[in-house]
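This report concerns only the one structure given below.
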Amino acid sequence: MSDSPCTARAPVHAGSPRGLVHRQAVGAASLILGAFVSPLSAMAAASVILSAGAVNASEFALRGVAAYSVIGLAILAILAALSSMLIGLARRRRAFDQFREAVDVMPEGLSIWDENDRLLAWNDRVADAAEINTSMLRVGMPAGEYLRIVAASDCAIEPGDLDAWVRDRRTARRKPNAEFERRTRSGRWFRIENRRTARGGLVTVSVDITDFKRNAEILVQAREEAEAANKAKSEFLANMSHEIRTPLTSILGFAGLLENIDGLPTKANTYVNRIKTGGQALLSLVNDILECSRLEAGKVELAPKAFDLAAFIDDTVGLISTGARNKGLTFKLAAADELPQTVTADMDRLRQVLLNLLSNAVKFTESGSVTLAVSRQAEGGERIRFEVIDTGAGISPEDAARLFQRFSQVDGSNTREHGGAGLGLVISKGLVEAMGGEIGVDSAEGRGSTFWFTVEAPAASQSGPATTTEIEEWRLAPLRILMADDVAVNRELVAAMLSPFDVQLSLANNGQEAVDTALDAVFNLILMDLQMPGMDGLAATREIRKRSDLNRTTPILALSASVMPSEVAACRQAGMNDHVAKPIDPSELLSKIALWARASS
Numbered sequence: 164m165s166d167s168p169c170t171a172r173a174p175v176h177a178g179s180p181r182g183l184v185h186r187q188a189v190g191a192a193s194l195i196l197g198a199f200v201s202p203l204s205a206m207a208a209a210s211v212i213l214s215a216g217a218v219n220a221s222e223f224a225l226r227g228v229a230a231y232s233v234i235g236l237a238i239l240a241i242l243a244a245l246s247s248m249l250i251g252l253a254r255r256r257r258a259f260d261q262f263r264e265a266v267d268v269m270p271e272g273l274s275i276w277d278e279n280d281r282l283l284a285w286n287d288r289v290a291d292a293a294e295i296n297t298s299m300l301r302v303g304m305p306a307g308e309y310l311r312i313v314a315a316s317d318c319a320i321e322p323g324d325l326d327a328w329v330r331d332r333r334t335a336r337r338k339p340n341a342e343f344e345r346r347t348r349s350g351r352w353f354r355i356e357n358r359r360t361a362r363g364g365l366v367t368v369s370v371d372i373t374d375f376k377r378n379a380e381i382l383v384q385a386r387e388e389a390e391a392a393n394k395a396k397s398e399f400l401a402n403m404s405h406e407i408r409t410p411l412t413s414i415l416g417f418a419g420l421l422e423n424i425d426g427l428p429t430k431a432n433t434y435v436n437r438i439k440t441g442g443q444a445l446l447s448l449v450n451d452i453l454e455c456s457r458l459e460a461g462k463v464e465l466a467p468k469a470f471d472l473a474a475f476i477d478d479t480v481g482l483i484s485t486g487a488r489n490k491g492l493t494f495k496l497a498a499a500d501e502l503p504q505t506v507t508a509d510m511d512r513l514r515q516v517l518l519n520l521l522s523n524a525v526k527f528t529e530s531g532s533v534t535l536a537v538s539r540q541a542e543g544g545e546r547i548r549f550e551v552i553d554t555g556a557g558i559s560p561e562d563a564a565r566l567f568q569r570f571s572q573v574d575g576s577n578t579r580e581h582g583g584a585g586l587g588l589v590i591s592k593g594l595v596e597a598m599g600g601e602i603g604v605d606s607a608e609g610r611g612s613t614f615w616f617t618v619e620a621p622a623a624s625q626s627g628p629a630t631t632t633e634i635e636e637w638r639l640a641p642l643r644i645l646m647a648d649d650v651a652v653n654r655e656l657v658a659a660m661l662s663p664f665d666v667q668l669s670l671a672n673n674g675q676e677a678v679d680t681a682l683d684a685v686f687n688l689i690l691m692d693l694q695m696p697g698m699d700g701l702a703a704t705r706e707i708r709k710r711s712d713l714n715r716t717t718p719i720l721a722l723s724a725s726v727m728p729s730e731v732a733a734c735r736q737a738g739m740n741d742h743v744a745k746p747i748d749p750s751e752l753l754s755k756i757a758l759w760a761r762a763s764s
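If you read the sequence shown in the numbering used here, its first letter stands for residue 164, the second for the next number, and so on.
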C-alpha cells in the first residue's frame with residue numbers, strides 16, 4: 164500500500180534536482196550569513212557548492228557573481244534599515260533629552276505618578292515647592308510617604324492632624340482635575356493641580372502663587388483703606404454739613420422773619436437782604452459739595468413724575484429772566500411747537516440743571532442776550548433737548564475740556580471777576596447722565612457759547628399730582644404739635660414761624676423729654692431733631708412707636724441738619740414719616756405740616 168499524500172515525503176538526495184536546490188539554498192544562506200561574519204565564511208560557503216558537484220567552475224563563477232550581487236543588495240538594504248533605526252533612536256533620544264530639559268527648566272513643579280500612585284519622574288521644582296531636598300525623592304515612592312514629607316513644610320498642619328491630612332489628600336488625588344492651595348512655613352503659597360492620565364496615572368503641577376497672593380492682599384488692603392477713607396470723607400462731610408447748617412438755620416430763619424416786619428427802615432431792610440444773600444450762597448455751596456459727593460458714590464435717587472412741560476419752562480424762566488433784565492440782557496425763549504404737553508421726568512433735578520446753566524449764562528454774559536431753546540428728539544426713546552445760548556466772550560477748546568471737572572473754572576486766577584466753587588457743571592453732568600441724557604458745550608472765543616443737554620422725558624397722558632413744594636397756601640386747622648430740639652434758638656425760630664397759626668406748641672430739650680411728653684398727651688404732629696444729647700431723635704421715635712398708645716400713629720417729621728441720604732433713610736427706618744432739612748425753608752415746613760396734619764385727621 165502506498166503512503167498517504169499527507170504523510171509521505173520524497174527523500175532528498177544529493178544528485179536530485181530537489182537536492183541541488185536544497186544545497187544551493189543552504190549555500191546562499193551561508194554566503195549571506197558569512198557576509199556578516201567574515202570573507203572566509205563566504206569562501207567556505209562557496210566550497211560547499213562546488214563539492215556538491217552541481218555545477219562546474221565557470222557556471223559557479225557566473226552564479227557567484229549573481230549571488231554576490233544579491234547579497235550586496237541585501238546587505239545594503241539591511242544596513243539602510245539599521246541606519247534608519249539608529250537615526251530614529253538618536254532622534255528619539257534627542258527629543259527625550261530636549262523634553263527632559265524643558266521639564267527641568269519649567270517654573271512649575273511637575274511630578275508623574277503611575278496608576279498605583281507611585282512616583283515615576285519629577286523635576287527639581289517639585290522639591291522646591293515642598294521645601295525638601297531632591298535626594299529625598301526616589302522612583303517608586305508611594306504617594307503616602309511623599310505627602311508625609313511634604314506635610315512637614317505646611318504651616319496649616321498640626322502634628323496631631325497629619326494622618327487625617329494625608330488621608331484626605333490621597334482621597335482628593337483620586338478626583339479628576341482636583342485643585343487646592345497650600346502655604347508653606349516660609350510663607351510661600353502654591354496651587355496644586357492634579358490631572359489624571361488615560362492609563363490611570365497622575366500628573367501633578369505645583370504653581371508658585373506667592374506674588375499673586377501678595378498682590379491680592381495688597382489690593383484688599385488698598386480697597387479697605389479706600390473704603391475707610393471714603394467712609395471718613397462721608398462722615399466728615401456729614402458732620403461739616405450739620406455744623407454749618409445749624410447756625411445757618413438761625414441766620415436765614417431769623418433774617419426771613421426780620422424781613423417780614425412792617426415798617427423796617429430802608430437801611431435795615433438792605434442789611435437783612437445782605438444777610439440772606441450771604442447765607443443762601445453759603446448754603447448753596449454746602450449743598451453742591453454734598454450733591455457732588457452723592458454723585459460720586461452713585462447714591463443720587465431720581466423721582467420721575469408726570470408734569471406740565473410748558474408750565475415748568477415758564478416757571479423756570481421766571482426765576483432767571485428778571486436777573487437777566489436787571490443786567491441789561493435780552494432774554495429769549497424758543498420752544499418748539501411739537502413739544503408734548505405732559506412729560507415724565509424728575510422735575511426737580513431737571514430744574515436744578517436748567518437753572519445752573521441759565522444762571523451761568525447770565526453771570527458770564529456782559530451784553531447781548533441769553534436764549535433758552537427747547538426741542539424734542541425721538542431717537543433712542545423720547546428725549547427733550549435744552550440749549551442755553553449766550554452772546555458772551557466764548558470759551559476756547561482747551562478751557563471747554565475742563566468745564567465738567569470738579570473745582571475747575573475757566574478763570575482760576577486771583578483776579579477773576581466771577582466767584583464760585585466750580586461744582587455746578589460737574590453736578591449738572593452727573594444729574595443729566597443719571598436721567599439718561601448727555602450734556603456738552605459748543606463755543607468759540609468771541610462768539611458766545613451754547614450749553615446743551617438732553618434728558619429722557621417720554622410723553623405722559625396727564626400731569627401728576629401737585630407736590631408739597633407746589634402748595635402756596637396753608638390752611639392749618641388748630642393743631643397740637645410737639646417739637647424736640649436741644650438748641651434753644653431752633654425752638655424759638657420754629658415757634659416764631661408757627662405763631663401766625665392756631666398751633667399749640669409743646670417743646671422738649673431732648674429725646675427722653677419728647678418720649679415722656681408723648682406718653683402723657685395726644686399730638687397731631689411731632690417735629691423731631693436727630694442729634695440730641697442722651698437719647699437721639701431716632702431712638703426717641705422708636706420708643707414713641709413702641710410705647711405710646713396716644714401717639715403710636717402720630718406723624719413724626721425729622722427736623723434736622725442731617726441731610727445725607729443714609730441719614731434720611733435712617734429716619735424712615737426708625738418710623739418717621741418725612742424729613743425737613745435745616746436751614747428751614749418756611750414754605751416747606753408749613754406745607755409738610757399741612758400735608759401730614761390732613762393725612763392724620
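Each residue gets a CB set at the ideal place from its N, CA and C atoms; glycine is no exception. All of these numbers come straight from a predicted model, not from anything done at the bench.
To the nearest angstrom, report how far apart residue 754 and residue 447 are at their CA atoms.
So the alpha carbons of these two residues sit roughly 22 Å apart.
Rank 399, 352, 438 by C-alpha distance to the C-alpha of residue 317 and give the top, closest one.
Comparing Cα-Cα distances from residue 317 to each of 399, 352, 438, the minimum goes to 352.
Ignoring anything shorter than 3 residues, give me the beta strand (DSSP E) runs that lie fully in the stretch 466-543, in order along the chain.
Complete beta strand (DSSP E) runs here, min 3: 468-471, 493-498, 505-508, 532-540.
Touch check for the stretch 390-397 and the stretch 293-309: three-plus C-beta pairs under 8 Å?
Output reads no: the stretch 293-309 does not touch the stretch 390-397.
What does DSSP give as the partner residue(s) for residue 742 in the beta ladder?
Paired residues: 721.
Terminal residues of the continuous alpha helix (DSSP H) containing residue 379?
Its alpha helix (DSSP H) spans residues 373-422.
What separation, rounded to the nearest whole angstrom, lies between the Cα atoms of residue 778 and residue 309?
The requested residue 778 is not part of the displayed model; the chain covers only 164 to 764.
With respect to the beta strand (DSSP E) encompassing residue 562, which residues constitute its N-terminal and C-terminal limits?
No beta strand (DSSP E) contains residue 562, which is instead part of the alpha helix (DSSP H) from 560-563.
For residue 756, report the span of its alpha helix (DSSP H) as first-last.
Residues 749-763.
Distance, Cα to Cα, residue 616 vs residue 549?
Taking the straight line joining both Cα atoms gives about 6 Å.
Helix, strand or coil for residue 603, going by three-state DSSP, please let me know.
It is a strand residue.
Output the boundary residues of the alpha helix (DSSP H) element that contains residue 591.
Element bounds for residue 591: 587-597.
Specify the secondary structure class of residue 673 as computed by DSSP and reduced to three states.
Reduced to three states, the DSSP call for residue 673 is coil.
Residues in the same chain with beta-carbon distance under 6 Å from residue 332, minus the five sequence neighbours each way, listed in chain order, please.
For residue 332, where only same-chain residues beyond five positions count, the Cβ hits under 6 Å are 310.
Whole angstroms is fine: what's the gap from residue 607's alpha carbon to residue 614's?
Taking the straight line joining both Cα atoms gives about 12 Å.
What does the alpha-carbon distance come out to for the pair residue 495 and residue 487?
Distance between the alpha carbons of residue 495 and residue 487: 10 Å.
Mind checking residue 718: buried by the 16 CB within 10 Å criterion, or exposed?
By the 10 Å Cβ count, residue 718 comes out buried.
From 481, 612, 538, pick the residue whose C-alpha is nearest to that of residue 558; which is it?
Answer by Cα proximity: 612.
Just to confirm, are residue 757 and residue 420 a CB contact at a threshold of 7 Å?
No.
Checking 7 Å against the spacing of the C-beta atoms, do residue 369 and residue 272 come in under that value?
Contact flag set, yes.
Using the beta-carbon count (16 or more within 10 Å), is residue 402 buried or exposed?
With fewer than 16 Cβ atoms within 10 Å of its Cβ, residue 402 is classed as exposed.
Just to confirm, are residue 622 and residue 506 a CB contact at a threshold of 7 Å?
The answer is yes: Cβ separation under 7 Å.
Taking buried to mean at least 16 other C-beta atoms within 10 Å of its own C-beta, is residue 716 buried or exposed?
With fewer than 16 other Cβ atoms within 10 Å, it is exposed.
State the CB to CB distance for the pair residue 692 and residue 723, rounded to an integer number of angstroms; the pair is presumed to be in contact (CB under 8 Å).
Contact holds; Cβ gap of about 5 Å.
What separation, rounded to the nearest whole angstrom, lies between the Cα atoms of residue 474 and residue 459?
Going by the C-alpha atoms only, they are around 32 Å apart.
Which two residues bound the contiguous beta strand (DSSP E) that contains residue 829?
What is shown of the chain runs 164 to 764, which leaves residue 829 out entirely.
Have a look at residue 361 and residue 339 and give me their C-alpha separation to the nearest angstrom.
Between residue 361 and residue 339, the C-alpha separation is close to 11 Å.
Quick one: what does DSSP say residue 267 is sitting in, helix, strand or coil?
Helix at residue 267.
If the criterion is Cβ atoms closer than 7 Å, does the pair residue 538 and residue 499 meet it?
The answer is yes: Cβ separation under 7 Å.
Quick check on DSSP: helix, strand or coil for residue 729?
It is helical.
If you reduce the DSSP assignment to three classes, tell me which class residue 578 lands in.
Any reading at residue 578 needs caution, since the residue's pLDDT is 37, under 50, leaving its predicted position unreliable; the model's value is listed next. Of the three classes helix, strand and coil, the one that applies to residue 578 here is coil, per DSSP.
Tell me the DSSP secondary structure of residue 689 in three-state form.
Strand.
Beta carbon of residue 158, beta carbon of residue 708: below 7 Å?
Lying before the first or after the last residue shown, residue 158 is absent from the chain, which here runs from 164 to 764.
Can you give me the C-alpha to C-alpha distance between residue 245 and residue 325, rounded to a whole angstrom?
Near 56 Å, if we compare the C-alpha coordinates of residue 325 and residue 245.
If we call anything under 7 Å between Cβ atoms a contact, is residue 746 one with residue 415?
Contact flag set, yes.
Closest to residue 463 by CA distance: which of 727, 750, 733, 736 is it?
Ranking the options by Cα distance to residue 463, first place goes to 727.
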